[in-house]
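A.B. asks:
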Amino acid sequence: MFQDDSRRIASEYKGGSSRYADLPQSPPAGCSIKAEVQSSSPDLGPTEHILQGHVWHVYISPEGSNSTRSIYSDSLILQATEWRKGGQVGSGPMSLSEVEDRSNVSEPLEDDSVTCPTTTLSTPEREFLDTPEQVRYMQIYVEEVAAWMDSFNKGKYFGECLPYRALDSPLLLYSLLACGIRRLALRHPDMAEIAAACYSTANMHLFRYHENPERDVEDCSIVAVILKLYNVMFREGPQSGGHSLAVLNSIISESRWNTDSDGIGSACFWLNAYLDIVGSLDVGYCLYVDSWSINIDFSSEGGEGMAYRGEELWVQWMLFILAKVISYRLCVLSFTEIDLRENRTLEDRLPEWKHLKQLCDQWNDACPRNMRPLGYMYPDQAENNSAFPKAWLPKREAVFCRLLYHTAQFILTQTHPLEQIMLSEEMIALQLHHAREVCGIVAHTEDRYLGPISVQSLLIASSALTEDGEQMEVLGILQRMKAQIEYR
559 MFQDDSRRIA
569 SEYKGGSSRY
579 ADLPQSPPAG
589 CSIKAEVQSS
599 SPDLGPTEHI
609 LQGHVWHVYI
619 SPEGSNSTRS
629 IYSDSLILQA
639 TEWRKGGQVG
649 SGPMSLSEVE
659 DRSNVSEPLE
669 DDSVTCPTTT
679 LSTPEREFLD
689 TPEQVRYMQI
699 YVEEVAAWMD
709 SFNKGKYFGE
719 CLPYRALDSP
729 LLLYSLLACG
739 IRRLALRHPD
749 MAEIAAACYS
759 TANMHLFRYH
769 ENPERDVEDC
779 SIVAVILKLY
789 NVMFREGPQS
799 GGHSLAVLNS
809 IISESRWNTD
819 SDGIGSACFW
829 LNAYLDIVGS
839 LDVGYCLYVD
849 SWSINIDFSS
859 EGGEGMAYRG
869 EELWVQWMLF
879 ILAKVISYRL
889 CVLSFTEIDL
899 RENRTLEDRL
909 PEWKHLKQLC
919 DQWNDACPRN
929 MRPLGYMYPD
939 QAENNSAFPK
949 AWLPKREAVF
959 CRLLYHTAQF
969 ILTQTHPLEQ
979 IMLSEEMIAL
989 QLHHAREVCG
999 IVAHTEDRYL
1009 GPISVQSLLI
1019 ASSALTEDGE
1029 QMEVLGILQR
1039 MKAQIEYR
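When we follow our numbering, the leftmost residue of the sequence shown carries the number 559, and every step to the right adds one.
1. Below 6 Å CB to CB, which residues in the same chain sit around Ala724 once its five sequence neighbours on both sides are set aside?
2. How about the stretch 830 to 837 and the stretch 713 to 728: do they share at least three Cβ pairs that are nearer than 8 Å?
3. Could you compute how far the alpha carbon of Phe1126 sits from the alpha carbon of Gln920?
4. When the Cα atoms are used, what is the spatial distance from Lys643 to Gln972?
5. From the DSSP output, read off the bridge partner residues of Ala949.
6. What is the residue span of the alpha helix (DSSP H) that Ser758 lies within?
7. Please return the same chain residues whose Cβ sits closer than 7 Å to the Cβ of Ser813, not counting the five positions on each side in sequence.
8. If contacts are defined as beta-carbon pairs under 8 Å, then Trp706 and Tyr936 qualify, I think. What distance do you get, rounded to the angstrom?
9. Would you say Glu941 and Arg994 are within 9 Å of each other, going by their C-beta atoms?
10. Over the uninterrupted alpha helix (DSSP H) stretch that includes Trp921, give me the two end residues.
11. Give every residue of the same chain whose Cβ lies closer than 6 Å to the Cβ of Ser1012, excluding the five residues on either side of it in the sequence, and list them in chain order.
12. Could you give the residue range of the alpha helix (DSSP H) that holds Asp688?
13. Apart from the five residues just before and just after His991, which ones in its own chain have a Cβ nearer than 7 Å to its Cβ?
14. Taking 8 Å as the cut-off, does the stretch 763 to 773 touch the stretch 737 to 750 (at least 3 CB pairs, one atom from each stretch)?
15. If you follow the alpha helix (DSSP H) that Phe827 is part of, which residue opens it and which one closes it?
16. Which value, in whole angstroms, describes the spacing of the CA atoms of Ser1048 and Cys844?
17. To the nearest angstrom, how far is it from the Cα of Val700 to the Cα of Leu981?
18. Which of helix, strand or coil does DSSP assign to His992?
19. Helix, strand or coil for Ala940? Go by DSSP, reduced to three states.
20. Around the C-beta of Glu1031, are 16 or more other C-beta atoms found within 10 angstroms, so that it is buried, or is it exposed?
21. Nearest-angstrom Cα distance between Ser597 and Thr689?
22. Out of Glu905, Val847, Asp906, Ser857, state which residue places its alpha-carbon closest to the alpha-carbon of Phe878.
23. From Met985 to Ile1035, what does the alpha carbon distance come to, in whole angstroms?
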C-alpha cells in the first residue's frame, strides 16, 4: 500500500487546498518524503517530470505549476491518487537510490474516496523520455521484452508503437517501464524492489482509471495485457501489489478483441492468447479455444506462394494449433473412472488426436521456406559442445514458430490414446526427436526472442530425456535464464 500525500502537497500551491473538502490538514506521522527530497537536491533547478503533460489528482494552479518544484521529480514510484491531462509539473532529478528509498512507503492511502477526474484538458504529448533511467528501462523493454511480443503482429505495435503512445499516457508508461525494470532485475536483483514498486504503481493507476466512467476502454485493456504479461513472465500477483489474473482478464474482455480485430487490438488478442497458453502449460487451467473462431486454410499449393500471407499469420496459426493440443492434453490427463462408468474411453479421443497431428504436419509442410531452418548442425558439429542440435533460422518469427511446433508435436507423442501405458518404439523415437529440437532451440536462442513459453516448453520436453549430459545441460539452461520457477 502507498500513502496518498496529495492533500498536503496541494496545500503548498496557490489554490490547491480549495480543491479538497475541509478536513484536518496535518500529514500522517512519519511522513518525511518532502524533507528528504529537499535535502537531497536543494538547488538543482526544475527539470521535466516523468509524466510531463499530465496533472495528477494533486490539482496545481496555473500560477504555480511552472514555478514550484514538485516532490514527484522523475521518480517511477511516487504515488498520487489519479492523473489527468492538463498541465506540466516541474521537478528535480532523482537518483535510483532515492527511487528505491521512496518505494518503501507502506502506509495506507489517506483518502480512498478520491476518484478519477472525468474531464481531461488537451495538451501536446511530451517529445521524448528525458532521464537516463527512463531511457534505460524503456530500452530494456523494447529490446528484451517486446522482441518476441511482436512475433504475433505485422505492425510491431509493442516495440515500435506503444513506447511512443506511452509518452502521453502515464497509465501505459508505468506498465512498460515496470516490465523493463523487472527484466533488468533478473541481472541486478537489487532492482527487484524498484520494479515491484513501479508494477504496484501501474496497477494502482489502472484500478483508479478503470473507475472513471469516461475512461478509454482500449487504453485500460492494453495496460491490462501488459500487466498480465508482467504477472506471467515474472510470477507476480496480488501479493506484490498487482491485480489478480481474473481481474485483468475481466478488464481485457471489455475491449471484445477477437481474431477479426486489426491493429493494436489484434496484437493484444494474440499476446493475451499466448499468455493464456503459457499459464495453461504452467498450472493447467482451461483454454476456450473454440471461441477463437479461426479458419486455417492450407489449400494453397506450395509454401512459396503462401509466404505473402505474412509470417505473423503462420505464428497465429501455430499458436492456435498448440492451444488445441494443450486443451486435448488436459482432457486426457483429466480422464477419470467416471468416464469409464459412462462408457467413455481414451480410444474415443483417437480421431481428435489424429486431427491435431494432421494439423501440425500440414502446418509444417505448407509453411513458407523462410519459416524453416536454413542451416542445421548436429550435436557433434556444434562449437559450444552442446548436447542438442542447432537449427539456424534467420527470421525471429521462424525461431518462435519452430518452438511452438515442436512443443505441440512433443505433447502429442505423450498423449496418444492407445499408448498411455507403454509407448511404441516409433513413438519413443518421435518423442526424443521433438524433445531435443525444443531443447536445441532454447539452448541456442536468447530467451528475449522466445518469451516465457521457452521455460515451459523446456520443462515439458526434458521429461523425455534419458542421457545425463542432456539433463545437466537443461538444468544449466534454466539457471542461465534465471527462471523464477521450482524445478526438479
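Ideal Cβ placement from N, Cα and C applies to all residues, glycine included. In this text, all values refer to a predicted model and were calculated from it rather than measured experimentally.
C.D. replies: Put simply:
1. Once the five neighbours on either side are set aside, the close Cβ partners of Ala724 are Leu730, Leu731, Leu734.
2. no
3. No answer is possible for residue 1126: the residues shown for the chain start at 559 and end at 1046.
4. Low confidence applies to Lys643: its pLDDT is 37, below 50, so where it sits in the model is not reliable enough to give any reading.
5. Looking at the DSSP output, Ala949 shares a beta bridge with Tyr934.
6. Ser758 -> alpha helix (DSSP H) spans 750 to 768.
7. Val775, Glu776, Ser779, Gly823
8. Between Tyr936 and Trp706 the Cβ distance is about 27 Å, and since that is not below 8 Å, they are no contact.
9. no
10. For Trp921, the enclosing alpha helix (DSSP H) covers residues 908 to 924.
11. Val1000, Asp1005
12. No alpha helix (DSSP H) contains Asp688, which DSSP labels as neither H nor E.
13. Cβ neighbours of His991 beyond the five flanking positions: none.
14. Fewer than three pairs of CB atoms, one per stretch, sit closer than 8 Å, so the stretch 737 to 750 makes no contact with the stretch 763 to 773.
15. That run of the alpha helix (DSSP H) goes 821 to 841.
16. Nothing about residue 1048 can be read from this structure; the chain reaches only from 559 to 1046.
17. In this structure, the CA atom of Val700 is about 44 Å from the CA atom of Leu981.
18. helix
19. coil
20. With at least 16 other beta carbons inside 10 angstroms of its own, Glu1031 counts as buried.
21. Because Ser597 carries a pLDDT of 39, less than 50, the predicted location of this residue cannot be relied on, and the following value inherits that uncertainty. Taking the straight line from one Cα to the other gives about 21 Å.
22. It is Val847.
23. Rounded to the nearest angstrom, the gap between the Cα atoms of Met985 and Ile1035 is 26 Å.
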